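Below is one structure; the comments refer to it alone.
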Amino acid sequence: MVTREDVENIAILSKLFVAEDELDDLTKQMQEIVEFADAINNAPDSGEEFDNINNLSNVFREDVVVESLPSEEILKNAPEQAEDHFLVRNHN
Amino acid sequence: MSEIKKIHDLLTSKQISCKELTEKYLKSIESDNGELNAYVNVTADEAFAQAEKVDAKLSKGEDIGLLEGVPMTVKDNISTKGVETTCCSKILTGYKPIYNATVWEKLENDGAVMLGKANMDEFAMGSSCETSYFGGATNPFNTKHCAGGSSGGVASAVGGNIAAYGLGSDTGGSIRQPASFCGMVGLKPTYGAVSRYGLIAYASSLDQIGPIAKTVEDVSIIYDAISDYDPKDSTSQGRQGGMTFDKVNNDIKGMKIGIAREYLEGVRDDVKEAVLNAVKVYESLGAEVIYFDMPALKFALPVYYIIACAEASSNLGRYDGIRYGFKTEHYNGTHDMMCRTRSEGFGAEVKRRILLGTYVLSAGYYDAYYKKAQNLRGTIVKAFDDAFTKCDFILAPTVPMTAFEMGHAVSDPIETYLTDICTVPVNIAGLPAVSVPCGFNDKGMPIGMQLIGNKFSEATILNAANAYEKAAPENFKETKWGVKL
Amino acid sequence: MKYELVGGFETHVELSTNTKIFCGCTTKFGGEPNTHCCPVCIGLPGTLPKLNRQVVRYAIMAGLATNCEIAEVAKMDRKNYCYPDLPKAYQISEYDKPLCEHGYIELSNGRKIRILRIHIEEDAGKLVHAHGDTYVDYNRGGVPLIEIVTEPDFRSTDEAREYVEKLQQIMRAIGVSDCRMQEGSMRCDVNISVRPEGSDKLGTRTEIKNMNSINNIVKAMEYEFERQVDVIESGGKVIQETLRYDDATNTTSSMRGKEDANDYRYFRDPDLVTILTSREEVEEIRKTLPELPEAKKQRYIEDYDIPEKDAALLTKYRKVSEYFDEAVDGLKNPKTVSNFIIGSIFRRVETEKDKEAFDVTVSPKQLKELVKLIEDKKIQNNLAKKTLEKMLDTGKSCMEFIDESDLGGVDDSAIEQMCKNAIDGNPNAVADYKGGKEKALMSLLGNVMKQSRGKADAQAVRAKLIELING
Numbered sequence: 000m001v002t003r004e005d006v007e008n009i010a011i012l013s014k015l016f017v018a019e020d021e022l023d024d025l026t027k028q029m030q031e032i033v034e035f036a037d038a039i040n041n042a043p044d045s046g047e048e049f050d051n052i053n054n055l056s057n058v059f060r061e062d063v064v065v066e067s068l069p070s071e072e073i074l075k076n077a078p079e080q081a082e083d084h085f086l087v088r089n090h091n
Numbered sequence: 000m001s002e003i004k005k006i007h008d009l010l011t012s013k014q015i016s017c018k019e020l021t022e023k024y025l026k027s028i029e030s031d032n033g034e035l036n037a038y039v040n041v042t043a044d045e046a047f048a049q050a051e052k053v054d055a056k057l058s059k060g061e062d063i064g065l066l067e068g069v070p071m072t073v074k075d076n077i078s079t080k081g082v083e084t085t086c087c088s089k090i091l092t093g094y095k096p097i098y099n100a101t102v103w104e105k106l107e108n109d110g111a112v113m114l115g116k117a118n119m120d121e122f123a124m125g126s127s128c129e130t131s132y133f134g135g136a137t138n139p140f141n142t143k144h145c146a147g148g149s150s151g152g153v154a155s156a157v158g159g160n161i162a163a164y165g166l167g168s169d170t171g172g173s174i175r176q177p178a179s180f181c182g183m184v185g186l187k188p189t190y191g192a193v194s195r196y197g198l199i200a201y202a203s204s205l206d207q208i209g210p211i212a213k214t215v216e217d218v219s220i221i222y223d224a225i226s227d228y229d230p231k232d233s234t235s236q237g238r239q240g241g242m243t244f245d246k247v248n249n250d251i252k253g254m255k256i257g258i259a260r261e262y263l264e265g266v267r268d269d270v271k272e273a274v275l276n277a278v279k280v281y282e283s284l285g286a287e288v289i290y291f292d293m294p295a296l297k298f299a300l301p302v303y304y305i306i307a308c309a310e311a312s313s314n315l316g317r318y319d320g321i322r323y324g325f326k327t328e329h330y331n332g333t334h335d336m337m338c339r340t341r342s343e344g345f346g347a348e349v350k351r352r353i354l355l356g357t358y359v360l361s362a363g364y365y366d367a368y369y370k371k372a373q374n375l376r377g378t379i380v381k382a383f384d385d386a387f388t389k390c391d392f393i394l395a396p397t398v399p400m401t402a403f404e405m406g407h408a409v410s411d412p413i414e415t416y417l418t419d420i421c422t423v424p425v426n427i428a429g430l431p432a433v434s435v436p437c438g439f440n441d442k443g444m445p446i447g448m449q450l451i452g453n454k455f456s457e458a459t460i461l462n463a464a465n466a467y468e469k470a471a472p473e474n475f476k477e478t479k480w481g482v483k484l
Numbered sequence: 000m001k002y003e004l005v006g007g008f009e010t011h012v013e014l015s016t017n018t019k020i021f022c023g024c025t026t027k028f029g030g031e032p033n034t035h036c037c038p039v040c041i042g043l044p045g046t047l048p049k050l051n052r053q054v055v056r057y058a059i060m061a062g063l064a065t066n067c068e069i070a071e072v073a074k075m076d077r078k079n080y081c082y083p084d085l086p087k088a089y090q091i092s093e094y095d096k097p098l099c100e101h102g103y104i105e106l107s108n109g110r111k112i113r114i115l116r117i118h119i120e121e122d123a124g125k126l127v128h129a130h131g132d133t134y135v136d137y138n139r140g141g142v143p144l145i146e147i148v149t150e151p152d153f154r155s156t157d158e159a160r161e162y163v164e165k166l167q168q169i170m171r172a173i174g175v176s177d178c179r180m181q182e183g184s185m186r187c188d189v190n191i192s193v194r195p196e197g198s199d200k201l202g203t204r205t206e207i208k209n210m211n212s213i214n215n216i217v218k219a220m221e222y223e224f225e226r227q228v229d230v231i232e233s234g235g236k237v238i239q240e241t242l243r244y245d246d247a248t249n250t251t252s253s254m255r256g257k258e259d260a261n262d263y264r265y266f267r268d269p270d271l272v273t274i275l276t277s278r279e280e281v282e283e284i285r286k287t288l289p290e291l292p293e294a295k296k297q298r299y300i301e302d303y304d305i306p307e308k309d310a311a312l313l314t315k316y317r318k319v320s321e322y323f324d325e326a327v328d329g330l331k332n333p334k335t336v337s338n339f340i341i342g343s344i345f346r347r348v349e350t351e352k353d354k355e356a357f358d359v360t361v362s363p364k365q366l367k368e369l370v371k372l373i374e375d376k377k378i379q380n381n382l383a384k385k386t387l388e389k390m391l392d393t394g395k396s397c398m399e400f401i402d403e404s405d406l407g408g409v410d411d412s413a414i415e416q417m418c419k420n421a422i423d424g425n426p427n428a429v430a431d432y433k434g435g436k437e438k439a440l441m442s443l444l445g446n447v448m449k450q451s452r453g454k455a456d457a458q459a460v461r462a463k464l465i466e467l468i469n470g
């Protein structure tokens with residue numbers, strides 16, 4: 000059973016605001032989706048642990064330096080920047 | 000005939016220059032995109048620049064590759080350097096990647112002419128293209144219907160003849176479903192065959208890039224061009240076993256086709272009938288048909304939604320207004336800025352999936368949902384392994400119905416989830432599958448079937464798909480839109 | 000009532016690889032902001048991580064050097080939390096299958112501090128707060144770390160100090176990290192609880208962060224111990240919380256509660272594949288490990304007869320012990336080398352950082368050359384000491400400062416003659432000595448040394464004088 004508190008809690012973890020007037024509706028939707036997901040509880044447990052889809056292992060990179068990008072490139076898409084840093088103003 | 004070969008012949012025989020061809024496509028986009036809404040960003044300057052290079056080569060009498068100079072489109076979740084890439088989300092508006100996705104790097108080097116970025120469901124989350132921040136792409140067979148999703152823009156553009164082909168991505172059916180809805184051929188490659196580097200992740204363990212085109216041959220040509228080992232992607236393996244193109248015209252006599260009964264349950268009658276007609280075509284071509292059960296498929300849909308949403312909730316955490324994309328205007332403190340940016344920047348469906356994903360990973364629910372789903376993923380993988388000991392490929396409907404009317408999918412999220420029932424098992428098991436048109440319903444909307452192969456058996460399923468295309472060409476129809484070559 | 004301190008450590012150590020853990024950007028400390036960055040380490044959409052082979056190797060080396068078992072199967076997980084210094088909103092780490100487990104470090108009091116696990120993970124970027132705004136620099140983002148987690152096995156701040164020093168020595172000796180706390184390449188979080196002495200139940204613990212020196216760790220632990228005892232004594236309850244240590248006031252204070260609950264929603268990172276380590280690989284890596292400081296120290300004590308205190312000083316810094324090993328190679332008397340390093344060279348290499356670098360003007364070979372002259376009785380200890388100072392000043396070799404005439408030593412017959420001269424010329428001193436004034440021998444000794452221009456071996460002269468006087 001998904002409660003309002005559950006939804007509030009996962010919204011905080013997800014860094015999303017849920018307005019008070021949306022909460023009931025969203026809780027109902029989440030409950031429906033979770034009920035739908037609950038179908039798997041009826042499935043037999045195979046006990047097999049899934050690793051990764053193609054069972055790959057030990058894919059590594061060698062420890063060789065590749066030139067970094069200039070900071071102008073790195074900062075190109077920043078909504079705000081100052082002194083070669085990404086900037087987060089405290090208020091806006 | 001292959002659209003790509005047709006264009007290649009026009010270019011090399013100098014019946015049309017690449018610039019003229021590009022102009023033709025851009026003009027059609029201008030006139031038709033208003034109604035199809037397939038493109039969210041048209042890149043005329045880049046297209047012409049690329050076309051000029053091709054023309055220069057042609058004028059010097061140099062040979063050009065099959066894909067060189069062919070106008071195409073790229074789904075808006077594939078990173079294109081310097082060209083806005085938004086995943087059709089408000090949260091990425093204005094974002095211009097500073098690097099190329101490996102697939103686009105390859106095709107650009109091969110001389111592909113990108114006309115623009117194609118519409119999609121926001122972050123590839125949706126089955127009708129309507130969760131797009133820019134509104135949904137429409138179906139070229141009837142624009143009152145949706146193009147499908149999430150790669151709706153690519154299917155609409157190719158079906159509407161405003162791109163010769165396109166690159167889409169398939170996490171739970173996002174290439175095959177819109178290809179099926181728009182009467183196109185769409186290939187979801189084996190997980191690991193095509194690099195994911197630069198594909199903006201929805202669900203990393205399920206996502207694969209693949210082509211949507213008009214014919215099986217086209218799809219084969221594009222697949223051969225993009226499937227390669229990429230050292231930037233730890234899960235990449237590249238194509239195994241050589242080019243598919245030299246194998247698509249092989250005889251299919253004696254090939255064993257498997258039909259899992261679960262795939263036909265709950266499928267609308269007209270769709271079922273079309274698929275069973277295709278089975279008859281295959282029998283007439285000398286293939287053998289085997290029926291069996293795959294009970295594990297019953298759990299595929301919830302398994303898919305749990306895994307996909309869990310990964311998505313993590314993949315989409317980075318959109319916080321600091322490094323790129325949209326940032327809210329008014330806020331108080333960093334935390335508040337992040338929450339507002341995300342709440343204003345993401346659409347309702349994306350938020351729902353982030354919340355579900357967070358829920359199934361959170362303390363107290365992890366074992367019951369995420370862990371259990373991973374366990375069942377193993378079961379589904381094994382069920383397919385068993386099936387492929389009995390047959391060469393599995394034949395199934397792509398979608399249990401034909402394209403919904405616009406607005407229908409948005410009204411009931413869970414009902415829409417159910418329409419992914421036939422497509423998601425392939426992603427869960429990391430298999431290749433190609434969707435091929437196999438008929439039309441009484442309203443003239445296309446019906447698609449999918450050929451599901453064992454890992455890295457793209458050549459087998461493309462060969463079988465091509466045999467069907469040649470035997471039943473009436474199912475591959477032109478629409479009224481776009482460029483007439 | 001008497002209380003006992005119970006402590007545990009979580010130590011982050013930055014690995015000295017050339018490149019970051021998942022991309023080819025340099026790990027160099029500092030640099031202009033956001034210049035050691037690429038699409039991968041700033042988490043641009045669509046980018047993928049690729050694991051640096053050397054990170055795995057270094058972590059296994061760290062595990063072996065601290066007596067850990069190395070996992071045959073390890074995997075990478077995502078730890079999800081949102082913070083501006085974390086560009087993907089998750090840190091790639093290892094949750095339930097770390098590379099190394101179940102190790103220990105033995106302390107000088109014989110107690111073993113058990114190591115629960117060592118896992119690899121990526122570092123976050125750096126936030127600079129100025130005029131209320133936040134400036135973000137991702138140069139450090141993606142630098143490889145190992146996190147070394149101990150059991151709550153510490154019972155005193157002395158043990159804590161020794162553990163941190165030992166850990167530093169080990170990591171430096173095997174070359175996986177420079178462990179500079181000031182630069183943040185080694186960072187310790189300490190868990191502390193208190194309990195009545197004799198109890199075996201664990202009390203409620205607090206976690207202290209933000210300590211950038213061993214002294215601060217010790218001070219913070221002492222403060223926190225007292226604080227918790229006061230809370231309990233006055234009838235209160237210790238609250239489980241994360242504390243920040245303030246160097247200036249020597250107090251701990253509660254860190255501002257993170258806006259979100261602590262639910263990291265760990266799950267396997269689907270972008271990375273399994274790490275398999277065969278037993279053969281582990282043994283191959285074990286073979287490449289250099290001698291560890293503790294073993295070295297024992298060897299110096301047992302084989303070279305060097306006092307424990309000096310052996311500890313020599314093995315505290317990797318470069319010092321390497322210097323010593325090179326200088327003593329082939330010499331009969333390693334103790335002289337040790338004395339010269341600790342007595343003369345350390346006076347010029349004072350700070351921790353300098354000792355760590357141990358950049359000395361005199362090469363080990365040059366020092367060996369000097370000590371060899373003493374061993375061959377060609378020069379005297381005193382002259383050698385003075386010569387070493389000149390060598391340290393100039394970086395020149397000893398022969399630059401020793402005249403031909405200084406060399407050659409003084410043979411036994413010459414010593415006998417000189418002693419006779421001294422005895423004959425100083426009857427008073429001889430009489431005094433015979434009368435029981437031991438000190439009188441010194442003036443005779445001085446006389447002989449003067450005759451030999453300091454070249455004679457004082458011990459031999461002394462013996463000869465006594466022999467001649469006593470007839």
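Residue numbers (numbering that gives the first Met the number 0), protein chains in the order written: chain A, 0 to 91; chain B, 0 to 484; chain C, 0 to 470. The beta carbon of each residue, even a glycine, is placed where N, CA and C say it ideally should be. Model, not experiment: these values are computed from the prediction.
With DSSP as the reference, label residue i as helix, strand or coil.
{"i": "S150(B)", "result": "coil"}
{"i": "P294(B)", "result": "helix"}
{"i": "A219(C)", "result": "helix"}
{"i": "E72(A)", "result": "helix"}
{"i": "R392(C)", "result": "Checking the displayed sequence, the identity of residue 392(C) turns out to be Asp instead of Arg. Of the three classes helix, strand and coil, the one that applies to D392(C) here is helix, per DSSP."}
{"i": "F475(B)", "result": "coil"}
{"i": "D441(B)", "result": "coil"}
{"i": "L275(C)", "result": "strand"}
{"i": "K172(C)", "result": "According to the sequence shown, residue 172(C) is Ala rather than Lys. In the structure shown, A172(C) sits in a helix (DSSP, three-state: H, G or I)."}
List, in order along the chain, the chain B residues whose C-beta lies closer than 7 Å to that of residue i?
{"i": "V58(A)", "result": "S233"}
If the cut is a Cβ gap below 8 Å, which residues of chain C does residue i touch?
{"i": "S149(B)", "result": "The premise fails here: S149(B) is roughly 16 Å from chain C at the closest Cβ pair, so nothing lies under 8 Å."}
{"i": "L55(A)", "result": "V272 and T273"}
For residue i, go through chain A and note every residue whose CB falls closer than 7 Å to its CB, in chain order.
{"i": "D132(C)", "result": "L86, V87, R88 and N89"}
{"i": "Q181(C)", "result": "Those do not exist, as Q181(C) stays about 23 Å from chain A at its closest Cβ, beyond 7 Å."}
Below 8 Å on C-beta distance, what does residue i contact in chain B?
{"i": "Y89(C)", "result": "S313 and G316"}
{"i": "G479(C)", "result": "Only positions 0 to 470 of chain C appear in the structure, and residue 479(C) is not among them; the question remains open."}
What residues of chain B sit near residue i, judged by a beta carbon separation below 9 Å?
{"i": "M29(A)", "result": "R351, L354, L355 and Y358"}
So is residue i buried or exposed if we call it buried at 16+ other beta carbons inside 10 Å?
{"i": "K111(C)", "result": "exposed"}
{"i": "H90(A)", "result": "exposed"}
Considering only C-alpha positions, which residue in the set the options is nearest to residue i?
{"i": "Y330(B)", "options": "Y323(B), C338(B) and G191(B)", "result": "C338(B)"}
{"i": "E21(A)", "options": "N57(A), E7(A) and K75(A)", "result": "E7(A)"}
{"i": "E216(B)", "options": "E477(B), K231(B) and Y467(B)", "result": "Y467(B)"}
{"i": "N332(C)", "options": "I191(C), E374(C), L443(C) and R226(C)", "result": "E374(C)"}
Quick one: which chain A residues come within Cβ less than 8 Å of residue i?
{"i": "R139(C)", "result": "Result: empty, since nearest Cβ-Cβ is about 13 Å, beyond 8 Å."}
So residue i and residue j are supposed to be a Cβ contact under 8 Å. How far apart are they, rounded?
{"i": "C22(C)", "j": "Y137(C)", "result": "That belief does not hold up - the Cβ atoms of C22(C) and Y137(C) are roughly 11 Å apart, past 8 Å."}
At 7 Å on the CB atoms, spell out the chain C contacts of residue i, in chain order.
{"i": "E473(B)", "result": "Within 7 Å Cβ-Cβ: nothing; E473(B) doesn't reach chain C, min ~40 Å."}
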